Amino acid sequence: MSDCTSILIDYFNRHIPLNKEEEAAVKVLFKERRIRKRHYLLQEGDICVNNSFVVSGCFRMFMVDKNGKEHNLQFSTEDWWISDLYSLFKREPSKLYIEALENSIILYTTIDELLQLFEDYPTFSHIFRILTQNALASQQQRILQYVSSTAEERYLCFAQKRPELLHRISSVQIASYLGVTPEFLSTIRKKIAKS
Numbered sequence: 081m082s083d084c085t086s087i088l089i090d091y092f093n094r095h096i097p098l099n100k101e102e103e104a105a106v107k108v109l110f111k112e113r114r115i116r117k118r119h120y121l122l123q124e125g126d127i128c129v130n131n132s133f134v135v136s137g138c139f140r141m142f143m144v145d146k147n148g149k150e151h152n153l154q155f156s157t158e159d160w161w162i163s164d165l166y167s168l169f170k171r172e173p174s175k176l177y178i179e180a181l182e183n184s185i186i187l188y189t190t191i192d193e194l195l196q197l198f199e200d201y202p203t204f205s206h207i208f209r210i211l212t213q214n215a216l217a218s219q220q221q222r223i224l225q226y227v228s229s230t231a232e233e234r235y236l237c238f239a240q241k242r243p244e245l246l247h248r249i250s251s252v253q254i255a256s257y258l259g260v261t262p263e264f265l266s267t268i269r270k271k272i273a274k275s
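Quick note on numbering: the sequence shown equals residues 81 to 275 in my numbering.
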């Protein structure tokens, strides 16, 4: 068993313990891929066909608006999943990009393989239902925070929830995620440092 597959099995076991047959299915189904920094897992116009688990590294999911401005929607690091779920399940061209911010390793499977895994081993259906519920709740909280909080409050929440990212990604990337300019983010950081 590769170290990468062991990491994914450990991840699943933290949610619901797998039996030997289920562990064997993970070893067969998930394939390893290495992605170099600044390379893409997905680009606008492509159909997302894989659901990817981050073994190591860091990715950002972003969109580019009609003025060419990038808007970061998600950062995924170790033990996170990354894919355009809308494109993945609807099988429609994506409006998003997924880019490696560091040299990274993922384990991936196609949507058809994943759906078959749910059929063959209901434990995985249960695990992914938990993951989806958690992701939806988190997304709802992010939207609520975005419409009801100041930029400073959004930054403090980001720093509390994702402290590992503060030194792994650039201020420009964080600012884009928070919906502020890099200059404004710098002002916020200086103000917090003084208080």
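For every residue, glycine included, the Cβ atom is placed at its ideal position computed from N, Cα and C. Given the structure is predicted, the values throughout are model-derived calculations rather than measurements.
Excluding sequence positions up to five before and after D159, its CB lies within less than 6 Å of the CB of Y91, all in the same chain and listed in chain order. Just measuring C-alpha positions, the residue of R118, D126, C128 sitting nearest G137 is R118. With fewer than 16 other CB atoms across the displayed protein chains lying within 10 angstroms of its CB, A217 is exposed. In this structure, the alpha-carbon of C84 lies about 35 Å from that of Q225.
Judged by DSSP in its simplified three-state form, Y188 adopts strand. Distance check between N183 and each of R140, F204, C128, I207 places R140 closest, using alpha-carbon atoms only. Here the alpha carbon of R94 sits roughly 15 Å from the alpha carbon of S205.
Under the three-state reduction of DSSP, F169 is assigned to helix.
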